[in-house]
């Protein structure tokens, strides 16, 4: 996935001079995860900017540069570090178009690694995407693998509105998420989910790294029980592909929503409410969620980290519970 | 201009430089003064419209009009404004009309800043090269650096003006934006309009070192503090800063010491925290009077000029006010549009 992101950025920058990168350590070092490796040498210090350590201004400068004709791709080194930039993102970038009655758009991308399970503890593991999906004017995408990452990156760069681009750290180097990546640039539509596995007995809705755990659980359970479970990868959290979710659940009658972020106020809650409002008559069981625990963030010690995380076993347990209805 | 601390004749935080002649003709000097008078008279009209119950909110530039000197040093055809809510003179200079300002005050359909979505004085117009602005003004400081960065990369000679009150300088974004501009020598004029009050909190409780331009040294840029009462002097200082930015020599922090002749906004009563004596004393240093006297000394302005000017402006404002009052509000359906770009649009 890192290579796909790197190549996507490089190819986009080669064909479009408006694109600049800015973020902590993105230049000389090439980013702490090496996504921007070598790009400063290729494009110079004014197009690949080693920003001062100040997230609010990384986003604020990106906004101003976008106003004046550039297509900035900002990197926030870890999603956990984004909080100082909240005012710039939610109060400024997301509101530019509305507050100027369409006169000013804000075509920026904020790339940021998120998620845990890499011994990153409280401040290198967070999944706080729901803070952004709550804000009209924002777009939030979470590509699951290398193929989706490259395609959604191109779409995000050329989207006229601000896009928060979430990259799960466990998918960065895991061969499971390397997928087939076309050499040339391509674009995937923001706001479209993907039905990863078709089925008729139950729907699982997820995104990001947990897709792997879900697919593993579904495979094992299906092999044993001859069950037919549909799995949806959201890809985009806002806009949310309501139609794909609704049509699947209207077909299967049961739904399990799985995400790493904690449950309270999360994406799963929103999807649950949509289903309760628009597909109530089709439901054959309770809407269920498997999500992170209600603790402030992920702890460090290996057993504590494992206790925070979900895996194929906890997903399997939820599948069994839901199947019983 | 030298960095703060080395200013000749520095006294009480205000530079008292020698006064060389400025490069403006008498006609241009009168235009600059007329813009100050227009700003004042338009603002006074807006206060009246608020008092009369026709405008729910008003926020004033009265006492800040000396900033017109900076607006006159900029080029509306190629420079950018990232203004704040007391920047009426600057946006008028960049082409906003009194009619548009009054339409905006009344939140009428088609007002150029936000089509009635934002409170009055939240300026923004791509056509006029004025960046859209919100209410918490610290955020626009890094944004101004970004606008300038986008100009610098292709080597354009654009200059970016951004302004904020002294209260806004306490925000972290103020530091972050100046830091960027210093590192990359970005063509920005950071203008702090220090009127001594952030709503009610006085300067002494806002910062320990009350000489705001002293901070410039920390960002590797020149800083200067000047009185905002003599627009010619403001112009002279701004001219140097604009020229330096256009040459590629980077940003300047300019602190203009001004007076706030009104409460913070129409919802504030400033006599809860300042005395009538203090206000009366401030009014003795009215930028309109000081600048008019300066122009008269130079032979650029006469009483006849001024009478003719005020009569013309009064008529302009009357007509603009009538048009704005008669204009319709936005349709309720307008509340739900322009959240995202039209479907399928790419950049």
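Protein chains in written order, with our numbering: chain A, -19 to 305; chain B, 876 to 1222.
Glycine included, C-beta positions come from ideal geometry on N, C-alpha and C.
Return the first residue and the last residue of the beta strand (DSSP E) that residue 1128(B) is part of. As a working note, residue 1128(B) is residue 253 in the second chain. Residue 1128(B) -> beta strand (DSSP E) spans 1127 to 1132.
Is the beta carbon of residue 232(A) sitting closer than 8 Å to the one on residue 186(A)? For the purposes of this step, residue 232(A) is taken as residue 252 along the first chain, with counting starting at 1. For the purposes of this step, residue 186(A) is taken as residue 206 along the first chain, with counting starting at 1. Going by C-beta atoms, residue 232(A) is not nearer than 8 Å to residue 186(A).
Got a sec: does the ligand ADP put a non-hydrogen atom nearer than 7 Å to the Cβ of residue 1010(B)? With respect to small molecules bound, the structure shown includes none, and the ligand ADP cannot be examined in it.
Is the number of C-beta pairs between the stretch 947 to 960 of chain B and the stretch 1036 to 1044 of chain B that are closer than 8 Å three or more? yes
Measuring alpha carbon to alpha carbon, tell me which residue in 158(A), 114(A), 115(A) and 104(A) is nearest residue 129(A). Position 149 of the first chain, counted from the first residue, corresponds to residue 129(A). Closest by alpha carbon: 158(A).
Starting from residue 1100(B), trace the beta strand (DSSP E) in both directions and tell me its first and last residue. The sequence position of residue 1100(B) within the second chain is 225, counting from 1. Residues 1098 to 1102.
Contact between the stretch 245 to 260 of chain A and the stretch 124 to 142 of chain A (3+ Cβ pairs under 8 Å): no
Cβ-Cβ separation, residue 1134(B) to residue 905(B) (assumed contact under 8 Å), whole Å: In the second chain, counting from the first residue as 1, residue 905(B) sits at position 30. In the second chain, counting from the first residue as 1, residue 1134(B) sits at position 259. Rounded, the Cβ-Cβ distance is 24 Å, inconsistent with contact.
Report the three-state DSSP secondary structure of residue 1040(B) (helix, strand or coil). For this step, residue 1040(B) is matched to residue 165 along the second chain. Three-state result, residue 1040(B): strand.
Which residues in chain B sit within 7 Å of residue 115(A), going by Cβ to Cβ distance? Here residue 115(A) is taken as the residue at index 135 of the first chain, counted from 1. Going along chain B, no residue has its Cβ under 7 Å from residue 115(A), so there is no contact; the nearest lies around 10 Å.
For residue 268(A), does the three-state DSSP call read helix, strand or coil? Working through the first chain from its first residue, we reach residue 268(A) at position 288. Strand.
Short CB-CB distance (under 8 Å) between residue 1215(B) and chain A: Against the second chain, residue 1215(B) aligns to sequence position 340. It does; some Cβ of chain A falls within 8 Å.
What residues from the stretch 57 to 77 of chain A come within 8 Å of chain B, judged by C-beta to C-beta, listed N to C? 64, 67, 68, 71, 72, 75, 76 and 77
Looking at chain A, is there any beta carbon in it that lies within less than 8 Å of the beta carbon of residue 1048(B)? By one-based count along the second chain, residue 1048(B) stands at place 173. Yes - at least one Cβ of chain A is within 8 Å of the one on residue 1048(B).
Beta-carbon proximity of residue 69(A) to residue 89(A), cut-off 8 Å: By 1-based counting over the first chain, the position of residue 69(A) is 89. By 1-based counting over the first chain, the position of residue 89(A) is 109. No, Cβ-Cβ distance for residue 69(A) and residue 89(A) is not below 8 Å.
Report yes if the CB atom of residue 166(A) is closer than 8 Å to the CB atom of residue 290(A), and no otherwise. For this step, residue 166(A) is matched to residue 186 along the first chain. For this step, residue 290(A) is matched to residue 310 along the first chain. Contact flag unset, no.
8 Å Cβ cutoff, residue 971(B) in contact with chain A: Within the second chain, residue 971(B) is the residue found at index 96, counting from 1. No, its Cβ sits nowhere closer than 8 Å to a Cβ of chain A.
According to DSSP, residue 1218(B) sits in a beta bridge with which residue or residues? Sequence index remark: in the second chain, residue 1218(B) carries index 343 (1-based). According to DSSP, residue 1218(B) bridges with nothing at all.
My output table needs one value for residue 302(A): the three-state DSSP class, helix, strand or coil. Indexing the first chain from 1 puts residue 302(A) at position 322. If DSSP states are grouped into helix, strand and coil, residue 302(A) belongs with the helices.
Could you tell me whether the Cβ of residue 170(A) comes closer than 8 Å to any Cβ of chain B? Residue numbering aside, residue 170(A) sits at position 190 when the first chain is read from its first letter. Cβ-Cβ to chain B under 8 Å: no for residue 170(A).
Whole angstroms are fine: how far does the CA of residue 1043(B) sit from the CA of residue 1096(B)? Walking along the second chain from the start, residue 1096(B) turns up at place 221. Walking along the second chain from the start, residue 1043(B) turns up at place 168. Roughly 19 Å separates the two Cα atoms.
Under DSSP, the alpha helix (DSSP H) around residue 284(A) begins and ends at which residues? The residue you call residue 284(A) lines up with position 304 of the first chain. Per DSSP, residue 284(A) belongs to the alpha helix (DSSP H) from 282 to 288.
Can you look up residue 1207(B) in the DSSP assignment and give me helix, strand or coil? Counted from its first residue, the second chain places residue 1207(B) at position 332. Residue 1207(B) falls in the helix class under three-state DSSP.
Along the chain, where does the beta strand (DSSP E) that runs through residue 213(A) open and close? Position 233 of the first chain, counted from the start, is the residue given in the question as residue 213(A). That run of the beta strand (DSSP E) goes 209 to 213.
Between residue 880(B) and chain A, is any beta-carbon pair separated by less than 8 Å? Locating residue 880(B) in the second chain gives position 5, counting from the first residue. Confidence at residue 880(B) is low in this model, with a pLDDT of 35, below 50, so its placement is unreliable and the value that follows should be read with caution. Not an interface residue.
How many Å lie between residue 19(A) and residue 1011(B) at the Cα? Counting from one through the first chain, the residue named residue 19(A) turns up at place 39. Counting from one through the second chain, the residue named residue 1011(B) turns up at place 136. Rounded to whole angstroms, residue 19(A) to residue 1011(B) spans 35 Å at the Cα level.
Check whether chain B comes within 8 Å of residue -10(A), counting only Cβ atoms and requiring the distance to be less than that. As a working note, residue -10(A) is residue 10 in the first chain. No, its Cβ sits nowhere closer than 8 Å to a Cβ of chain B.
If you check the beta carbons only, do residue 108(A) and residue 59(A) fall under 8 Å apart? Your numbering for residue 108(A) matches position 128 in the first chain. Your numbering for residue 59(A) matches position 79 in the first chain. Contact flag set, yes.
Using a cut-off of 7 Å between C-beta atoms, extract the partners of residue 1000(B) located in chain A. Locating residue 1000(B) in the second chain gives position 125, counting from the first residue. Here the neighbours are 83.
Please look up how many angstroms separate the CB atoms of residue 1013(B) and residue 975(B), rounded, as I've assumed it's under 8 Å. Locating residue 1013(B) in the second chain gives position 138, counting from the first residue. Locating residue 975(B) in the second chain gives position 100, counting from the first residue. That pair is no contact at about 26 Å.
If distances are taken between C-alpha atoms only, which option among 272(A), 227(A) and -1(A) comes closest to residue 294(A)? Counted from its first residue, the first chain places residue 294(A) at position 314. For the residues 272(A), 227(A) and -1(A), the minimum Cα distance to residue 294(A) belongs to 272(A).
For the putative contact between residue 1017(B) and residue 1041(B), defined by C-beta atoms under 8 Å, what is the C-beta separation to the nearest angstrom? Position 142 of the second chain, counting from 1, holds the residue named residue 1017(B). Position 166 of the second chain, counting from 1, holds the residue named residue 1041(B). Contact flag wrong, Cβ pair sits at about 18 Å.
Give me the chain A residues within the contact set of residue 958(B), using Cβ-Cβ distance strictly less than 7 Å, ordered along the chain. Taking the second chain and counting its residues from 1, one reaches residue 958(B) at position 83. Near residue 958(B) there are no residues of chain A at all, since even the closest Cβ is about 13 Å away, more than 7 Å.
Does the beta-carbon distance from residue 1087(B) to residue 1143(B) come in below 8 Å? Walking along the second chain from the start, residue 1087(B) turns up at place 212. Walking along the second chain from the start, residue 1143(B) turns up at place 268. Not in contact: residue 1087(B) and residue 1143(B) (Cβ atoms no closer than 8 Å).
Looking at the secondary structure, which residues open and close the beta strand (DSSP E) in which residue 183(A) lies? Taking the first residue of the first chain as position 1, residue 183(A) is located at position 203. Per DSSP, residue 183(A) belongs to the beta strand (DSSP E) from 182 to 186.
Please give the ranges of any alpha helix (DSSP H) in the stretch 96 to 150 of chain A, keeping only runs that are unbroken, at least 4 residues long and fully inside the region. 110 to 113 and 126 to 137
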